[in-house]
Structures are given as structure tokens and as C-alpha cells.
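Below: the structure, in C-alpha cells.
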Amino acid sequence: MDLKWQEIGFDSDNIERIAHDGQKLYVEFKKTGKGYYYEDVSYEIFVRIMNKEVYSKSEGKPSFGATFNMLVIKSGFIGEQYR
Numbered sequence: 003m004d005l006k007w008q009e010i011g012f013d014s015d016n017i018e019r020i021a022h023d024g025q026k027l028y029v030e031f032k033k034t035g036k037g038y039y040y041e042d043v044s045y046e047i048f049v050r051i052m053n054k055e056v057y058s059k060s061e062g063k064p065s066f067g068a069t070f071n072m073l074v075i076k077s078g079f080i081g082e083q084y085r
């Protein structure tokens with residue numbers, strides 16, 4: 003499977019890159035180097051993450067990580083480690 007990765011590490015404290023295959027959201031993290039996929043996360047959520055819709059409380063600006071945390075983690079999606 004060829005994923006079209008979005009390299010966002012230059013603008014994110016914790017996410018290195020992110021991709022969506024139509025059914026799963028893939029996220030690779032900077033600090034741990036681990037990669038996880040999240041089943042049944044809609045493409046709409048992926049787009050919202052890329053648009054940084056949620057503000058980081060600590061930084062006071064729109065954030066990939068804060069948006070991912072709010073829309074994926076706090077919504078109850080469980081990641082499966084693949085890397």
C-alpha cells in the first residue's frame with residue numbers, strides 16, 4: 003500500500019508525519035519514533051487535523067497535535083502500533 007504521507011514535523015512538536023488510506027489514519031510520532039494506525043477514522047477528521055482546527059493551550063496557536071488529540075484520542079479511537 004502506498005500512503006501519501008504529509009510531513010508535518012517542521013510545524014509540530016510531537017507528530018512527524020500523518021497519512022490516511024480511506025479507512026485508517028496513520029500517525030508517526032517524533033519522540034518515540036513509533037507509528038500507529040487508527041481504524042475507522044474518517045477522511046474528514048484527517049482534513050480537520052491538517053487544518054489545525056484546535057488551539058494548543060500551552061502554545062496559544064492552532065496545533066496538529068491538539069487537533070489530533072481532541073478529534074481522535076479523546077473521541078475514543080484506539081491506536082494499533084505498526085512500527
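For the sequence shown, this note's numbering assigns the number 85 to the last residue and increments by one with no breaks.
For each residue, glycine too, the CB sits at the ideal point set by N, CA and C.
At the C-beta level, Ser-58 and Ala-68 come within 8 angstroms of one another. In this structure, the beta-carbon distance from Lys-32 to Asn-16 falls below 8 angstroms. In this structure, Val-49 keeps its C-beta atom at 8 angstroms or more from the C-beta atom of Val-74.
Under a 10 Å Cβ-count criterion, Lys-54 is classified as buried, with 16 or more other Cβ atoms of the shown protein chains found around its own Cβ. A distance below 8 angstroms between beta-carbons, with the five flanking residues on each side excluded, links Lys-6 to the following residues of its chain, in chain order: Ala-21.
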